[in-house]
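Visitor: Got a structure here, written out as structure tokens. Questions coming.
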Amino acid sequence: MNKRVWTIFTGLCALTMLILYAVAAGAQEIKPKPPMYTYVANWQVARAHWGDVEGLNTPVNDVLQKALDDGTLVAYGRDTNLVHGLGAETHSVWWSSMSMGGLIKGLEKARAASDANAAALNDAKHWDTVWVSRFYSWKPGSVKGGYLRVAMYKLKDDAPDDALDNLSEHLVVPVMEKLLGDGTITAYAIFTTAIHTEAPGLFAIDYITPTPDGLDTVQAAVLGSIKAHPLGVQAFGSVTDDSAHRDGLDRIDATFK
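In terms of this note's numbering, the sequence shown opens at residue 437 and continues consecutively.
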């Protein structure tokens with residue numbers, strides 16, 4: 437058995453042991469939810485125009501709130517990047533719906549409310565992404581000036597089809613649910629690309645915390661889970677490509693139905 441095959445085999449064994457451990461410990465059963473779609477409009481705005489973005493977002497937020505009220509959307513928000521990677525976005529606007537149709541209705545409303553002549557946006561680099569999640573939860577209401585933490589990963593080409601589901605159900609979601617329950621975070625989601633403007637296999641683990649201290653609390657909880665479930669870490673590493681890992685940290689205003 438060559439080294440690559442052995443690595444995959446041991447990783448799958450570790451994931452199996454993690455699942456068996458969770459069952460034996462009486463862990464709450466976690467299953468995928470109906471798909472939730474999220475549209476993210478990214479902008480790399482010149483620093484001289486950063487102060488203009490707030491005013492440009494206001495009419496867009498108004499129409500997205502109406503779409504939330506009538507049930508077209510289940511969430512919407514805007515982000516400001518705190519850690520500026522080379523060529524990365526500075527600002528984002530996003531919204532979520534339980535259908536692709538609802539997502540596109542949100543897009544049309546946002547475009548109609550946008551200022552087509554705004555120099556801040558016309559001079560900016562712009563790109564969009566569409567994501568889908570089957571593992572997510574939130575507390576209804578709004579977060580103002582919270583913190584969005586994003587961890588991006590990529591599954592290996594030979595990862596099993598159910599690798600992300602298993603990692604989500606038995607490793608990631610139990611930690612996120614505990615943090616959601618105690619108020620450390622107000623929302624989380626595990627996303628994959630719904631429209632592949634990014635490489636297939638890419639996935640993101642996102643959470644929102646209302647305070648800076650929440651970032652440390654989540655980190656401590658993750659490290660505690662790693663210590664308690666070392667086989668889970670081995671399983672995670674066996675199906676993901678380390679070289680594709682990236683992190684993000686944003687300030688966020690968000691509203692959830």
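Positions of the beta carbon are idealized from the N, C-alpha and C atoms, including for glycine.
DSSP three-state label for residue 516, please.
Guide: Residue 516 falls in the strand class under three-state DSSP.
Visitor: Can you say whether residue 544 is buried or exposed, counting buried as having 16 or more other CB atoms within 10 angstroms of its CB?
Guide: exposed
Visitor: According to DSSP, is residue 472 helix, strand or coil?
Guide: strand
Visitor: With DSSP as the reference, please indicate the residues paired to residue 527 in a beta bridge.
Guide: Partner(s): 479, 516.
Visitor: Could you check which residue in 633, 591, 605, 620 has the C-alpha nearest to that of residue 678?
Guide: 591
Visitor: Less than 8 Å between C-beta atoms, sequence neighbours within five positions excluded: which residues of the same chain meet that for residue 520?
Guide: 526
Visitor: Beta-carbon within less than 6 Å of residue 575's beta-carbon, same chain only, minus the 5 sequence neighbours each way: which residues are those?
Guide: Once the five neighbours on either side are set aside, the close Cβ partners of residue 575 are 622.
Visitor: Output the boundary residues of the alpha helix (DSSP H) element that contains residue 488.
Guide: 486-505
Visitor: Report the option in 483, 607, 506, 654 whose CA atom is closest to the CA atom of residue 559.
Guide: When only C-alpha atoms are compared, the closest one is 483.
Visitor: Can you find a CB in chain E that lies within less than 8 Å of the CB of residue 648?
Guide: Of the protein chains in the structure, only one exists, and it is not chain E.
Visitor: Could you tell me whether the Cβ atoms of residue 542 and residue 503 are closer together than 8 Å?
Guide: yes
Visitor: Closer than 8 Å is the cut-off here; do at least three beta carbon pairs connect the region 666-676 with the region 584-604?
Guide: yes
Visitor: Residue 607 and residue 681: beta carbons closer than 8 Å?
Guide: no
Visitor: Below 8 Å CB to CB, which residues in the same chain sit around residue 477 once its five sequence neighbours on both sides are set aside?
Guide: 528, 529, 530, 546, 562, 564
Visitor: With three or more C-beta pairs closer than 8 Å as the rule, is the region 648-666 touching the region 613-621?
Guide: yes
Visitor: Just the C-alpha distance for residue 535 and residue 604, rounded to the nearest angstrom, thanks.
Guide: 22 Å
Visitor: For a quick check, are the C-beta atoms of residue 489 and residue 556 less than 8 Å apart?
Guide: A Cβ-Cβ contact shorter than 8 Å links residue 489 with residue 556.
Visitor: Check the DSSP bridge columns for residue 584 and list the partner residues they point to.
Guide: 644, 686
Visitor: For residue 634, which option in 642, 661, 589, 667 has the closest C-alpha, if you only look at C-alpha atoms?
Guide: 589
Visitor: Please confirm whether residue 683 and residue 587 have their CB atoms less than 8 Å apart.
Guide: yes
Visitor: Between which two residues does the beta strand (DSSP E) harbouring residue 573 extend?
Guide: 561-574
Visitor: Is it the case that the Cβ atoms of residue 626 and residue 582 are separated by a distance below 8 Å?
Guide: no
Visitor: Is it right to say residue 569 is buried, meaning 16 or more other beta carbons lie within 10 angstroms of its own, or is it exposed?
Guide: buried
Visitor: Which of helix, strand or coil does DSSP assign to residue 535?
Guide: coil
Visitor: So for residue 676, helix, strand or coil by DSSP?
Guide: Residue state, collapsed to three classes: strand.
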